[in-house]
Amino acid sequence: MPIKPLKKAVLPVAGLGTRFLPATKAMAKEMLPVVDRPLIQYAIDEARAAGIEQFCLITGRGKTAIVEHFDVAYELERTLAERGKTDILEELRSLSIEPGAMMTVRQQVPMGLGHAIWCARAFVGDDPFAILLPDDLMQCDPPCMAQLAEAYQETGGNVVAIEEVPRERVNRYGVLDVAEDKGRLVSVKGLVEKPPVDKAPSNLTIIGRYVLMPEVIGYLSKMERGAGGEVQLTDGMAKLIGTQPFHGLRYTGRRFDCGDKAGFLEAQIAFALGRPDMAPAVREFLKRYA
Ligand code: UTP
51 MPIKPLKKAV LPVAGLGTRF LPATKAMAKE MLPVVDRPLI QYAIDEARAA GIEQFCLITG
111 RGKTAIVEHF DVAYELERTL AERGKTDILE ELRSLSIEPG AMMTVRQQVP MGLGHAIWCA
171 RAFVGDDPFA ILLPDDLMQC DPPCMAQLAE AYQETGGNVV AIEEVPRERV NRYGVLDVAE
231 DKGRLVSVKG LVEKPPVDKA PSNLTIIGRY VLMPEVIGYL SKMERGAGGE VQLTDGMAKL
291 IGTQPFHGLR YTGRRFDCGD KAGFLEAQIA FALGRPDMAP AVREFLKRYA
């Protein structure tokens with residue numbers, strides 16, 4: 051069967067961000083900036099670099115700033131133009147999304163990631179789609195979603211980005227039951243969400259980047275509650291195995307868990323050090339904390 055092109059991405063941003071309270075009481079976690087751009091912008095840029103053209107944000111209460119961020123700020127742009135601030139003006143313009151290419155869907159109650167993805171069912175239709183969790187900030191070359199899109203062109207079917215974690219931490223993630231480990235690609239015979247450490251089938255875990263087939267929506271619509279009483283995406287994906295190809299991709303690069311305070315702080319340092327305009331000053335002040 052021909053492999054359908056990957057043009058759609060779903061970005062769930064409806065979570066409560068409880069690990070980041072009180073910062074996230076009135077502000078969306080996805081608007082927290084790393085250096086000078088919000089997490090959601092990194093995720094959209096990464097999706098675009100993988101050839102994605104249509105975006106669906108799964109939003110909830112208190113998330114309107116995310117939608118504003120991708121709108122045209124007409125008055126601001128006019129003021130910047132009048133003041134001759136062309137660099138920043140160009141950058142702002144590159145942010146805006148083509149009219150009609152971004153939609154938002156409201157997940158009224160945050161019932162879990164699987165439920166959030168099910169909310170995008172009308173957007174997904176019969177097409178393959180990417181999922182990017184913006185709080186997993188990736189520093190990869192080529193960008194992580196581009197690596198996944200390339201693997202999808204090779205294998206067809208479902209591909210999720212994976213990484214190895216120390217055994218004692220597997221109970222925080224979706225974990226792979228491995229059919230065959232081919233190195234870069236791993237074929238999967240099962241998935242389990244947040245298993246107890248002694249029951250985990252491996253220490254290969256799924257991170258917040260996926261390419262999935264639309265059939266997953268049918269399984270999610272059953273609304274079965276899994277780990278933590280939530281509708282888990284991992285449980286829906288597990289049902290696809292055996293009916294469609296399912297692979298894990300050991301991506302090249304680094305992930306920062308920006309839903310976690312320490313991960314977020316590390317991302318600030320890593321991304322600042324990756325910026326030629328910031329790196330010298332940051333290196334200098336870091337010496338004071340060595
Ligand atoms: P997290 O597990 O990080 O949950 O969600 P959270 O609520 O955002 O943060 P904490 O754990 O309370 O601090 C992973 C991703 O799934 C989305 C989140 O927005 C985040 O991008 N999500 C999660 C939803 O959109 N809806 C949900 O019901 C749950």
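Note that the working numbering has the sequence shown beginning at 51, numbered continuously upward. All C-beta atoms, glycine included, are put in the ideal place defined by N, C-alpha and C. Being a predicted model, the structure only gives us computed values, none of them experimental.
Sub-8 Å separation of Arg219 and Ile257 beta-carbons
no
Delimiting residues of the beta strand (DSSP E) encompassing Val225:
224-231
Cβ atoms of Leu139 and Leu145: under 8 Å apart, would you say?
no
Is it the case that the CB of Gly162 approaches a heavy atom of the ligand UTP more closely than 7 Å?
yes
Note down the Cα distance separating Gly324 from Arg111, rounded to an integer number of angstroms.
34 Å
Apart from the five residues on each side of it in sequence, which residues of its chain come closer than 8 Å, Cβ to Cβ, to Gln203?
Ile53
Among Leu182, Ala97, Arg143, Thr284, nearest to Asp227 - alpha-carbon criterion
Thr284
For the region 123-137 against the region 229-242, do three or more pairs of beta-carbon atoms, one drawn from each stretch, fall closer than 8 Å, so that the two count as touching?
no
Per-residue burial, Gln294 [other beta carbons within 10 Å of its own, 16 or more giving buried]:
exposed
Length at least 3, wholly inside the region 224-278: the beta strand (DSSP E) runs in chain order
224-231, 235-243, 254-262
Using only CA atoms, which one of Val122, Lys311, Pro160 lies nearest to Gln282?
Pro160
Roughly how far, in whole angstroms, is the beta-carbon of Gly207 from the beta-carbon of Phe296, given that I think they are within contact range, below 8 Å?
6 Å
Whose CA, out of Leu71, Ile116, Pro216, Gly298, lies closest to the CA of Leu241?
Gly298
From Tyr301, Thr114, Arg275, residue whose alpha carbon lies closest to that of His165:
Arg275
Please go through the same chain and pick out, in chain order, the residues whose beta-carbon is closer than 7 Å to the beta-carbon of Arg171, but skip the five residues on each side of it.
Ile267
Count the CB pairs spanning the region 61-73 and the region 82-98 that are closer than 8 Å, and state whether there are at least three.
yes
If you follow the beta strand (DSSP E) that Arg325 is in, where does it begin and where does it stop?
Run containing Arg325: none; DSSP gives neither H nor E here.
What does the alpha-carbon distance come out to for the pair Leu254 and Lys239?
13 Å
Taking Cβ to Cβ, would you say Asp185 is nearer than 8 Å to Glu118?
no
I need the DSSP call for Ile147, collapsed to helix, strand or coil.
coil
Residue nearest to Arg156 in terms of C-alpha spacing, selected from Gly65, Gln104, Glu214
Gly65
Give a single yes or no on whether Phe335 has its beta carbon closer than 7 Å to a heavy atom of the ligand UTP.
no
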